[in-house]
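One structure is given below, encoded as structure tokens.
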Amino acid sequence: CAKDGGPACAPPNLVFNQVAAAMGMAPTEIALINDGCEGIPMAEMRKIKAEHGFNPDFDSLRECIEIGKKAIDWDRKWHPPGTKILPNGNYHGIGFIWTIAWRHQPGPSMVGVMMRPDGTANILARTCDIGVSSTTACIQIVAAELGLKYEDVTWRHDKDVKFSVTEISGSMGSVRTFPAMIRAARNLKKIILEHAVKPSPGGMMRKPEPAVFPGARPEDLQIEDSMIFEIANPAKKVRVAEVVRRFCDGTNLPFFAWDFPPYVGPEIRMRVFARQCYFTEVEVDPETGLVQVTKHVVVNDVGKAINPDAVNGQQYGGSYMGIGRSNMEAIYYDPQTGVKLNDNHVGYEIPTMNDIGPIDCHIVESGFGYGPYGIYGIGESATACTTTVTAPAIYNAIGKWVTDFPTTPDKILRALGKI
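The opening position of the sequence shown corresponds to residue 7 in the working numbering, with each subsequent residue numbered one higher.
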């Protein structure tokens with residue numbers, strides 16, 4: 007995303023910040039003035055938001071900005087460019103960038119969910135877990151939709167299973183996987199409740215048994231914490247396992263459902279109302295040109311956070327990648343031979359925990375996404391948007407624009423006229 011998403015986020019943010027500087031305004035003000043959708047100011051989008059089923063009074067960018075400003079103490083720390091020198095002789099700077107949230111298009115995934123005789127559920131689908139808790143989130147979703155405890159749901163990863171989910175990439179893993187998970191789980195829940203109100207026919211290894219809830223209808227029942235109960239009389243309840251046990255005979259496992267949601271093409275108009283913001287504080291050493299990121303605040307409107315820890319993991323990790331691309335990471339070539347000079351992890355600098363100050367992550371849940379529960383993706387956001395994050399902060403520190411990335415010490419000294 008530093009390669010693909012970065013160039014998409016960089017030009018508007020550099021323009022917004024340079025316009026703000028030319029007008030003597032804070033970049034947060036310029037952002038709010040220019041926020042909109044398809045050329046329409048956000049303030050005029052209330053009717054369209056309502057037509058989409060969204061909260062017409064919720065302003066995602068304004069909410070993100072207010073949270074970020076408070077977290078970084080913007081109103082106290084922001085100052086005219088080049089006017090704040092710290093006791094250690096370094097220049098202080100603070101910057102702000104923003105963009106829209108993405109992605110939100112559902113995609114092709116095929117998922118099966120099956121109940122085992124012990125009342126636990128198993129997700130059937132091939133996938134690759136790349137370490138972003140996608141498996142955990144899917145189990146959460148299926149457990150919530152079925153009414154089972156989290157520990158009563160597993161995901162069997164097996165190459166012999168013919169169901170497959172969309173690859174977890176491009177900020178679209180959840181948006182493209184959840185629809186099939188949800189629909190399959192809801193179908194399976196319906197099957198469970200239907201069996202709860204009818205007698206078991208028995209089989210080779212089991213005698214016939216009366217219905218667990220005789221005289222009731224499926225719609226009279228609900229499932230919660232792996233228990234089936236009557237809505238009108240919650241005290242009357244049994245374990246899901248008891249219903250499943252009565253109908254599982256040998257290889258006969260009737261509790262299975264699968265789903266392959268229909269394709270949602272580009273002809274479906276999906277206006278993006280969710281936003282993301284980044285606030286970065288730096289110190290610039292005028293003698294060495296070194297730029298130190300002393301604090302970084304991330305605010306992402308993800309629509310709905312299924313697993314907040316996983317969302318923050320993406321925000322933390324993406325920030326390190328983006329700040330590295332903005333301030334440190336570069337490949338150098340011998341101008342005579344074209345040989346790469348730093349083709350190793352010693353010469354190619356990437357930031358570690360000691361290179362960046364505290365990162366403060368915040369989640370906004372507007373429900374503006376077009377995925378299930380109003381979700382948006384998060385994977386690429388922090389990396390893509392922060393690939394130029396040091397430029398506005400450096401300008402605020404020294405009063406000079408450095409837009410040749412990464413903003414390494416030699417470029418800072420050149421901007422200061424020292425080399």
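C-beta atoms are modelled at their ideal positions from N, C-alpha and C, and glycine is treated no differently.
The model shown is predicted, which means the values in this text are computed figures rather than measured ones.
Alpha-carbon to alpha-carbon, residue j and residue i
{"i": "Ser332", "j": "Asp226", "result": "58 Å"}
{"i": "Lys213", "j": "Asn306", "result": "56 Å"}
{"i": "Cys43", "j": "Ala49", "result": "10 Å"}
{"i": "Gly295", "j": "Leu154", "result": "57 Å"}
{"i": "Phe64", "j": "Gly309", "result": "12 Å"}
{"i": "Glu287", "j": "Val249", "result": "59 Å"}
{"i": "Pro123", "j": "Thr392", "result": "50 Å"}
{"i": "Phe374", "j": "Gly208", "result": "49 Å"}
{"i": "Tyr338", "j": "Thr358", "result": "21 Å"}
{"i": "Glu35", "j": "Thr105", "result": "14 Å"}
{"i": "Ser387", "j": "Phe253", "result": "47 Å"}
{"i": "Val117", "j": "His163", "result": "12 Å"}
{"i": "Lys168", "j": "Pro114", "result": "14 Å"}
{"i": "Arg277", "j": "Lys53", "result": "13 Å"}
{"i": "Ile147", "j": "Tyr376", "result": "16 Å"}
{"i": "Gln282", "j": "Cys144", "result": "24 Å"}
{"i": "Thr409", "j": "Thr394", "result": "8 Å"}
{"i": "Pro87", "j": "Met327", "result": "27 Å"}
{"i": "Thr141", "j": "Phe262", "result": "20 Å"}
{"i": "Glu69", "j": "Pro13", "result": "25 Å"}
{"i": "Gly74", "j": "Ile425", "result": "36 Å"}
{"i": "Ala260", "j": "Pro267", "result": "For the record, residue 260 in the displayed sequence is Pro; it is not Ala. So the two alpha carbons sit approximately 22 Å from each other."}
{"i": "Ser139", "j": "His85", "result": "40 Å"}
{"i": "Gly199", "j": "Met178", "result": "According to the sequence as given, residue 199 is Leu; it is not Gly. Approximately 32 Å, taken between the alpha carbons."}
{"i": "Phe279", "j": "Ala247", "result": "43 Å"}
{"i": "Arg245", "j": "Ile229", "result": "9 Å"}
{"i": "Glu355", "j": "Leu347", "result": "13 Å"}
{"i": "Arg82", "j": "Lys76", "result": "10 Å"}
{"i": "Ala442", "j": "His302", "result": "Look at the range of the chain in this structure, 7 to 425, and you will see that residue 442 is not part of it."}
{"i": "Asn360", "j": "Ala27", "result": "31 Å"}
{"i": "Met51", "j": "His58", "result": "11 Å"}
{"i": "Val218", "j": "Ile384", "result": "44 Å"}
{"i": "Glu293", "j": "Gly330", "result": "22 Å"}
Collapsed DSSP secondary structure at residue i in the structure displayed
{"i": "Leu154", "result": "coil"}
{"i": "Val171", "result": "coil"}
{"i": "Val244", "result": "strand"}
{"i": "Leu130", "result": "strand"}
{"i": "Ala238", "result": "coil"}
{"i": "Met276", "result": "coil"}
{"i": "Val148", "result": "helix"}
{"i": "Asp226", "result": "helix"}
{"i": "His201", "result": "helix"}
{"i": "Cys367", "result": "strand"}
{"i": "Thr413", "result": "coil"}
{"i": "Val408", "result": "coil"}
{"i": "Met233", "result": "strand"}
{"i": "Ser387", "result": "helix"}
{"i": "Met334", "result": "coil"}
{"i": "Ser177", "result": "coil"}
{"i": "Leu422", "result": "coil"}
{"i": "Pro13", "result": "helix"}
{"i": "Val352", "result": "coil"}
{"i": "Ile329", "result": "helix"}
{"i": "Tyr401", "result": "helix"}
Those residues which DSSP pairs with residue i across a bridge
{"i": "Arg212", "result": "Gly209"}
{"i": "Lys346", "result": "Tyr339"}
{"i": "Gly42", "result": "Pro47"}
{"i": "Phe285", "result": "Phe102 and Val303"}
{"i": "Ile362", "result": "Val299"}
{"i": "Val159", "result": "Ala127"}
{"i": "Asp135", "result": "According to DSSP, which records beta bridges pairwise, Asp135 is partnered with nothing at all."}
{"i": "Phe262", "result": "Met120"}
Closer than 8 Å to chain B by CB, residue i
{"i": "Phe169", "result": "Reference to chain B is not applicable here, since this structure consists of a single protein chain."}
What runs of the beta strand (DSSP E), each 3 residues or longer, lie entirely inside the region 289-321? 297-307
At a cut of 8 Å, does the region 179-190 reach the region 223-243 through at least three beta carbon pairs? no
Which runs of the alpha helix (DSSP H) at least 4 residues long sit entirely within the region 51-127? Give them in chain order. 52-57, 66-78 and 80-83
Stretch-stretch touch, CB-based, cutoff 8 Å, three pairs: the region 323-343 with the region 404-415: Taking one beta carbon from each stretch, the region 323-343 and the region 404-415 have 3 or more pairs nearer than 8 Å; the two touch.
Does the pairing of the region 12-19 with the region 87-100 give three or more beta-carbon distances under 8 Å? no
Below 8 Å, how does it come out for the region 64-75 and the region 129-141: are there three or more Cβ pairs, yes or no? No, they do not touch.
Contact between the region 361-371 and the region 311-329 is defined here as three or more beta-carbon pairs at a separation below 8 Å; is this criterion met? Contact annotation: the region 361-371 touches the region 311-329, with at least three C-beta pairs closer than 8 Å.
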